[in-house]
Structure formats: C-alpha cells, structure tokens
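Peer 1:
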Amino acid sequence: MSAEGLVPHHLPWTDFDAFARGGGGPDPVRRLRAAERSRRLLLLRGIIDQAAKFPEVSVPLPSPEWAWELLARIEEQDPAAVETILAHPYTGSWAGYTTRLCRQDVTGVCPFWVHLGHVHCLAAAAAVRAGAGFEAELPIWQGAVSLPTLGMVRLRTGEAFGVAQVSASRAGIVFRNRHLEVRLPDDLSTETAGWQPVRRINSWHGDRPLSVRLDDLDPYRGLYEPIPPKRLTPLEVESWRTVVDRAWQLLVTRLPDVAEALPVGLESLVPAPAVAFRLPSASTGEAFGSAIVAYSNDPEQLAAALVHEFQHIRLGGVQHLAALHTDDPRERLYAPWREDPRPIGGVLHGIYAFFGVTAFWRALAAAEPGNALASFEFALWRAASWRTLRAVHQDESLTATGRRFLDGIAAEIAPWQEEPVAAEPAGWAAMSALDHYATWRLRHLRPDADTVSALVAAWRRGDPRPKPGRVPEPRTPTPVPDGSWTDARTDLIRLRLGRNGETALRTHGPAVPGAAEADLALVHGDNESAADGYRAILMANPDLPAALVGLGLALSARGTGPAERALLHRPELVRAVHRALRASAGVTPDIETVAGWIGGFTH
Amino acid sequence: MQASRSGKEAGIESAVLDLGGVPLSELRTLDGSELRKALRHAAERVSYIPVTASGSQGGARRVD
Chain A
2 MSAEGLVPHH LPWTDFDAFA RGGGGPDPVR RLRAAERSRR LLLLRGIIDQ
52 AAKFPEVSVP LPSPEWAWEL LARIEEQDPA AVETILAHPY TGSWAGYTTR
102 LCRQDVTGVC PFWVHLGHVH CLAAAAAVRA GAGFEAELPI WQGAVSLPTL
152 GMVRLRTGEA FGVAQVSASR AGIVFRNRHL EVRLPDDLST ETAGWQPVRR
202 INSWHGDRPL SVRLDDLDPY RGLYEPIPPK RLTPLEVESW RTVVDRAWQL
252 LVTRLPDVAE ALPVGLESLV PAPAVAFRLP SASTGEAFGS AIVAYSNDPE
302 QLAAALVHEF QHIRLGGVQH LAALHTDDPR ERLYAPWRED PRPIGGVLHG
352 IYAFFGVTAF WRALAAAEPG NALASFEFAL WRAASWRTLR AVHQDESLTA
402 TGRRFLDGIA AEIAPWQEEP VAAEPAGWAA MSALDHYATW RLRHLRPDAD
452 TVSALVAAWR RGDPRPKPGR VPEPRTPTPV PDGSWTDART DLIRLRLGRN
502 GETALRTHGP AVPGAAEADL ALVHGDNESA ADGYRAILMA NPDLPAALVG
552 LGLALSARGT GPAERALLHR PELVRAVHRA LRASAGVTPD IETVAGWIGG
602 FTH
Chain B
2 MQASRSGKEA GIESAVLDLG GVPLSELRTL DGSELRKALR HAAERVSYIP
52 VTASGSQGGA RRVD
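Chains as they are written, first to last, in my numbering: chain A, 2 to 604; chain B, 2 to 65.
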C-alpha cells in the first residue's frame, strides 16, 4: 500500500506564536501530541523493519513483528488501549534509544534483544489494558518484567536477563518463567508479592484536575539509557501526593492559563531523591509528557519546576516540527542558570523554561505582595531570561523561525522588566546575578595573554596607572572550568527571604553545601566581617572563584571602588595577573591590591 | 521544513508524516518514497533530541 496520499504534520503560525508567548491553551498541545504519536510510529516501524532484516537479533524472543500484530489486533478491539501506550512518554524514549542502537550497531545497557524485546512489553501492556486474551514472551531484566503504564512483575531469576511467558485469558493474567509463576491481581492498582503497580497522583482544584503517574518503575523513564526500578515507599508516595496537590492548587489559582494546558502535556512524573536546598528537574525531548523531578516539600518550588518542565516539553514538541536553530553543538554561550557555557539549543530551551518560571513567580508575587522570595525569583529570572534572549537574538545559528520564537517570548517578558519589585528582593536578585556572572567569567573566560604580560610588566616597574590600551574582552569561553563552582550565596539568599527567613538562615544556613562563614556574614548583611572572611580564604587560596567574587560583593556593598569593580567585572584578569606575579620572584601583593590597581584603569 | 503550500492556515510544514488516520495493520505494509523519507528523517533526528535538566548541582546532569 502506498503512503503517497499522506501529508506531513503542519504547525500553524497561530499555534507556533502562541507557544512562543507561553500560551495557546490545551488544543495546540494536543496537536503536538498527535505529531509526537506519528513520530513514534515512524520510529517503531523503522525498528520493526530493521529487526525483520536480521531475525537473529531478536532471539531468544520472538520477532518484534509478533508484537506489532498484537498491537494491531488490540487497536481493532480497543483503540484507546493502544493510544495510551503510544502516548506513554517512555515509549518515545524506548523508540529513540533503540533506534540509536540500531543506527550505531551497538548493544546498549542490556543485550540488544532485551531492548528490542521491550516492544513485546508495550504490546502486552496494551492487551492487558484492553482486557484481551493473548499470549506473549517478554524480556526479564534483573528479575523484573515491565508492563509500561501499568507496573512491573517480579519473577525470580538466576541471571540478569531472561524470558517470561505471559498468558491472559478469562482465568486471569499469569506470568511465569522457570522459577516462578505470578498471577496479576484483578485490581491492577493492588500491590502483591509479585506485582508492583505504577502509582497515580490525582489532584483537583476547583474544576481543574491533574492526573499523573508517579513512575518509579519504567526502565526507559531516565534521561539517557534504561535504568532499574527505584521503588518509593508508601509514605514517600503520600508525601508526593501532598506536595503535588499543593503545587497544583498554586498553579490553578496563580497561573490558570498554564494550568489549563499543562495536564495535556504532563502525564508522568519520575521521582528523584530530594537534594538539600535545591529542586533539580529534568526532561528529554523523546519523552513528551514526562518530567523527572526531585522531591521537595515546598509547593512553590515544585510548582515552578512543573512549569519549567512543561515549557521544555512544549518546546521539545515544537522542535520535532520546526528547526529553530542549526545543529550547532559548540558550547560557547553564557546562560545565567548554568555554571558552564552552553550551545545555542540549550540556551534556547533555557530561555523558554525560565520565561515560564518567571511567569509563575511574577503571578505569585503579584498575589502575595509580602512574599519576598517570590519577588526575588521574579526579579532574578526576568532579568536572566531577558538578558540571554537579547544576547542570542542575532546569533548566527538561529533560524528565522527560531528568531520568530524569541520575538514571541520577548513580547511577553520585555514589559515585565519595568514592573516594580520591592527594593530588598530586587537588590538580592541583582547581587545573585552579578555573583553568577562573575564566577562564570572566572571559570570559563581566559584573558588575553599579551594583556596579562603587559600588566605584569607594568606592575613590576611600579606603574600606578598603566595605559595598556583597550583591554580586550575575552570572546570565546572555554568549557573547561578553572576553579570550583558553588551556588551557596544564592541558596542562602533564598533561605533569608523565605518563611521565617532570619531563623532559617541562622539554623540551616551553615548546612548549605559550599557555604563559608563569609557567605553567611554577607547574606546576614555583615559586609565587613564578610570581606575579612573572604580575605582570609584568599590568603590560603587566592584563586578560589567563590572567595574572589565574594570579596567583590562584600566590598561593593559599601560603594563602588576600583577593587570591587575589577573583582566583579574583570575577575579573570585580576586572577591571571596575580597568578603571574606569584609565579615570579619577589614580594607577592595581595590580590585585593592587584584588583584595586587594575580597577583603576579598566573601569 | 517550509511554509505550507497547501490551502491550510499559514504555518510550518514539518518532515513528520501524519499517521493519524492509519491503522497499525496498514502501517506495517505502507510503502513509497514519502514514507521512506519520513522514516529516514525520524531516525536521523534521534541523534539531536535535546535533554534538559535544571539544578546546576546535586548530581543532576543538566542541561538547559
């Protein structure tokens, strides 16, 4: 049969522009889903074609064509069951991963037949959902058989990999191997000795439901490669339900437009372990509908993370249809949310994600004028996303379509730059941004070697105000960092501005990873003690980025002298000159003195 | 990828073939140059799928 009558997916500009502006409601997201379904089917068809050419690759399992036939039969009986499996985020991850294995002719985390054989798991899951009778053989990995979207069967096995038989009839669904037989419970949400179901979180606020799977089982739920299950305890599941419920309430009340669309684009959460003072999250363009999120008991931070990941999901869907940039992997751009230089594609994703994050904190700050943390986050991310957008708008690797996307974002966030924010959170946000950029410069910019040599020579001859000409700005960052990174000061600021801030800072501040006494003093507002503390650290390690920038921040709190200007705006030059002076014979000046000298003629 | 030439609302015509109305039983035997092109494109693009991860420390391999 010919495919000549088929047409490509079409992304109307109205949808595209609505996505760019962070809106559009649920229907455009449904259209992205439809395109993603087609993309997965194309990958699935490609995998089956490839396997059919080399029948030996599926042994000891049957050919993947059996799975396709089962899926086709179930589609006729119960199309919704197959649609659920096709829409499952990790069907996309599996299809992408297995396609890469096929194209690169490599084995993967498991033997290739195990990865290929996961298609039998997908078909079996669809059949179980449909309540159909069937028989199939499925791969076992570390004693577990995956039924995507439903759960995992536990079979004892002597080897890392094996084959399980499943038969489903009116008598029930039974899995067996040489060692064990497991009968699934009638109610698949019930956990038994041999069956672990995927748990759900169902939240309602007003008339807005959010229903997501909390998937700690699916082998393809990770970012890069299959991973084994990491089962949450019932208590942990309840904690997740509680905090998601509160986060959902916040989103529905504070960001109703996003809350209307988000449930269409987010159907699965992968729980990750909590990280103190942080809420890391992640997603991949292959798993449309999924976000990996660390646990936090803070609903505000979780709500921001959900918006962040929803933005990635939407943009990932758009990028399956539209080229926003050329394939340019060069890590060359500053991103205020990263500690390392990023390629254009990553920066674009970051701008869009933090545009969404900004919108959330903006709405929360407007609704809760006393919420200093919300104001801080709003001020921080509106400036970060705006600064980055402007920096890359004319980038050579952006396409005209990509530039149009940025224009849509800009139309929203440009006016936000002028909105009033209370002085204290605004001041901390400005300091945090300065801190981040100066530290990034120290790690990733290398000053011009001739300039450094000229300045070292000038210092040695005692020239108080050399005229080196225009000190060139380093152009290309290096991905290899020079020195360590810490976000400790920004973590401390968040503690200070959060609930019971003073107490929280005093009680929990010392536990913030990487926080020095000087950092605590700085965020307490004791700038003299902070400066003394940083000076002491620099006596022992004059290269340390956190202390160099910290000293600049502490000094700048009392005015704008040359030393702080140099430490905050040309820190890489200060350190390079000081290093060269240390390497030569004679008395080594302290780095603050060198900074003051350089700041006297560079600013 | 280009602006639509059809009578549809102006927009972007992707390289992803719309399989919305195609039953799986038919998709298995579907053939033709358009399909082969779409299969090739889908497979080639899996090397360029973005992975995004936020939270710059704490072990997250991140990304945007």
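C-beta atoms are modelled at their ideal positions from N, C-alpha and C, and glycine is treated no differently.
Do you know how far the Cα of ASP219 of chain A is from the Cα of PRO230 of chain A?
Peer 2: Distance between the alpha carbons of PRO230 of chain A and ASP219 of chain A is about 7 Å.
Peer 1: Straight-line CA distance for VAL64 of chain B to ALA292 of chain A?
Peer 2: Residue placement at VAL64 of chain B cannot be trusted, given a pLDDT of 36 that sits under 50; the coordinates are not used to answer.
Peer 1: Indicate whether the contact test is met: 3 or more Cβ pairs, each with one atom in the segment 169–181 of chain A and one in the segment 241–261 of chain A, closer than 8 Å.
Peer 2: Segments in contact, no.
Peer 1: Distance check for LEU381 of chain A and PRO149 of chain A, CA to CA, integer angstroms please.
Peer 2: Answer to the nearest angstrom: the Cα atoms are 40 Å apart.
Peer 1: Residues of chain B with CB under 7 Å from HIS10 of chain A, in chain order?
Peer 2: Near HIS10 of chain A (Cβ distances below 7 Å), the residues of chain B are SER15, VAL17 and ASP19.
Peer 1: Can you pull out the residues from the segment 282–295 of chain A whose beta carbon lies closer than 9 Å to at least one beta carbon of chain B?
Peer 2: Those residues of the segment 282–295 of chain A that come within reach of chain B (Cβ to Cβ, closer than 9 Å) are SER282, ALA283, SER284, THR285, GLY286, GLU287, ILE293 and ALA295.
Peer 1: Please determine, among A:LEU446, A:ALA88, A:THR100 and A:THR85, the residue with the shortest C-alpha to C-alpha distance to GLU45 of chain B.
Peer 2: Of the listed residues, the one whose Cα sits closest to GLU45 of chain B is A:THR100.
Peer 1: Measuring CB to CB, does PRO448 of chain A end up less than 8 Å from ALA577 of chain A?
Peer 2: Yes, Cβ-Cβ distance for PRO448 of chain A and ALA577 of chain A is below 8 Å.
Peer 1: Give me the chain B residues within the contact set of ALA81 of chain A, using Cβ-Cβ distance strictly less than 8 Å, ordered along the chain.
Peer 2: What ALA81 of chain A touches in chain B: nothing, since even the nearest Cβ is about 14 Å away.
Peer 1: Using a Cβ-Cβ cut-off of 8 Å (strictly less than) and excluding sequence neighbours within five positions of LEU151 of chain A, which residues of its own chain qualify?
Peer 2: For LEU151 of chain A, where only same-chain residues beyond five positions count, the Cβ hits under 8 Å are ALA126, VAL129, ARG130, LEU189, PRO198 and VAL199.
Peer 1: Cα-Cα, which of A:PRO210, A:PHE176 and A:LEU211 is closest to ALA194 of chain A?
Peer 2: Ranking A:PRO210, A:PHE176 and A:LEU211 by Cα distance to ALA194 of chain A puts A:PHE176 first.
Peer 1: Please decide whether ARG500 of chain A counts as near chain B, where near means a Cβ-Cβ distance under 8 Å.
Peer 2: Taking Cβ atoms only, chain B never reaches closer than 8 Å to ARG500 of chain A, which makes this a no.
Peer 1: Tell me the rounded alpha-carbon separation between VAL47 of chain B and LEU20 of chain B.
Peer 2: Distance between the alpha carbons of VAL47 of chain B and LEU20 of chain B is about 19 Å.
Peer 1: Among the candidates A:PHE278, A:PHE355, A:ARG331 and A:ASP341, whose CA atom is the shortest distance from the CA of HIS309 of chain A?
Peer 2: Checked all of A:PHE278, A:PHE355, A:ARG331 and A:ASP341; the closest Cα to HIS309 of chain A is A:PHE355.
Peer 1: How many Å lie between GLY526 of chain A and GLY357 of chain A at the Cα?
Peer 2: Answer to the nearest angstrom: the Cα atoms are 31 Å apart.
Peer 1: Contact check, GLU268 of chain A vs GLY290 of chain A under 8 Å by CB: the rounded distance?
Peer 2: Sure, about 4 Å apart at Cβ, within 8 Å.
Peer 1: Under the DSSP definition of a beta bridge, which residues are partnered with PHE113 of chain A?
Peer 2: PHE113 of chain A pairs with nothing; no bridge assigned.
Peer 1: Going by beta carbon distance, what residues of the same chain come within less than 8 Å of VAL17 of chain B, once the five residues before and after it are set aside?
Peer 2: Counting only Cβ-Cβ distances below 8 Å, and skipping sequence neighbours, we find ALA39, HIS42 and ALA43.
Peer 1: Considering Cα atoms alone, identify which of A:HIS394, A:VAL271 and A:SER485 is closest to LEU545 of chain A.
Peer 2: Answer by Cα proximity: A:SER485.
Peer 1: Since LEU554 of chain A is in the alpha helix (DSSP H), which residue starts that stretch and which ends it?
Peer 2: 546–557 is the extent of the alpha helix (DSSP H) around LEU554 of chain A.
Peer 1: Figure out for me which residue from A:ARG466, A:GLY347, A:VAL453 and A:PRO257 has the closest Cα to the Cα of SER398 of chain A.
Peer 2: SER398 of chain A has its Cα closest to that of A:GLY347, out of A:ARG466, A:GLY347, A:VAL453 and A:PRO257.
Peer 1: Please list the segments of the beta strand (DSSP E) lying wholly inside the segment 242–326 of chain A, counting only runs of 3 or more residues, in order along the chain.
Peer 2: Within the segment 242–326 of chain A, the complete beta strand (DSSP E) runs of at least 3 residues are 269–273, 282–285 and 291–295.
Peer 1: Hey, is PRO421 of chain A's beta-carbon within less than 8 Å of any beta-carbon in chain B?
Peer 2: No - not a single Cβ of chain B is within 8 Å of the one on PRO421 of chain A.
Peer 1: Let me see if you follow: with CB-CB separation under 8 Å, is GLY346 of chain A close to chain B or not?
Peer 2: Judged by the 8 Å Cβ criterion, GLY346 of chain A is in contact with chain B.
Peer 1: Rounded to a whole number of angstroms, what is the C-alpha to C-alpha distance between ASP341 of chain A and ASN542 of chain A?
Peer 2: Each residue's Cα considered, the two are about 22 Å apart.
Peer 1: By the three-class DSSP mapping on this structure, what secondary structure does HIS445 of chain A have?
Peer 2: The answer is helix: DSSP assigns HIS445 of chain A an H, G or I state.
Peer 1: If you draw a straight line from the alpha carbon of ALA1 of chain A to that of ASP533 of chain A, how long is it in whole angstroms?
Peer 2: Outside the shown range of chain A, which is 2 to 604, sits residue 1 of chain A, and nothing can be said about it.
Peer 1: Counting only runs of 3+ residues fully inside the segment 166–221 of chain A, write out the beta strand (DSSP E) ranges in chain order.
Peer 2: As far as the segment 166–221 of chain A is concerned, its whole beta strand (DSSP E) runs of at least 3 residues are 173–177, 182–184, 196–198, 200–206 and 209–215.
Peer 1: Let me confirm a value: SER1 of chain A is counted as buried when at least 16 other C-beta atoms fall within 10 Å, else exposed. Which label applies?
Peer 2: Residue 1 of chain A lies beyond the range of chain A shown here (2 to 604); nothing can be said about it.
Peer 1: Going by other Cβ atoms of all chains shown within 10 Å of its Cβ, with 16 needed for buried, is ARG38 of chain A buried or exposed?
Peer 2: The residue in question, ARG38 of chain A, is buried, as its Cβ has 16 or more Cβ neighbours within 10 Å.
Peer 1: Among A:ALA52, A:ILE75, A:ALA547 and A:ARG157, which one has its Cα closest to the Cα of GLY144 of chain A?
Peer 2: Residue A:ARG157 is the option with its Cα nearest to GLY144 of chain A.
Peer 1: What is the C-beta distance between GLU226 of chain A and VAL110 of chain A, in whole angstroms, given that I count them as a contact (C-beta under 8 Å)?
Peer 2: Between VAL110 of chain A and GLU226 of chain A the Cβ distance is about 5 Å, and since that is below 8 Å, they are a contact.
Peer 1: Tell me the rounded alpha-carbon separation between GLY600 of chain A and VAL472 of chain A.
Peer 2: Spanning the two alpha carbons is a distance of roughly 11 Å.
Peer 1: Excluding five sequence neighbours on each side, which residues of the same chain lie with their C-beta closer than 7 Å to the C-beta of ALA411 of chain A?
Peer 2: Closer than 7 Å at the Cβ level, and outside the excluded window around ALA411 of chain A, lie LEU390.
Peer 1: Please tell me whether, using a cut-off of 7 Å, the distance from the CB of PRO300 of chain A to the nearest non-hydrogen atom of the ligand PLP is below it.
Peer 2: Inclusion of the ligand PLP in the displayed structure is not the case, the ligand content being empty and no account of it being possible.
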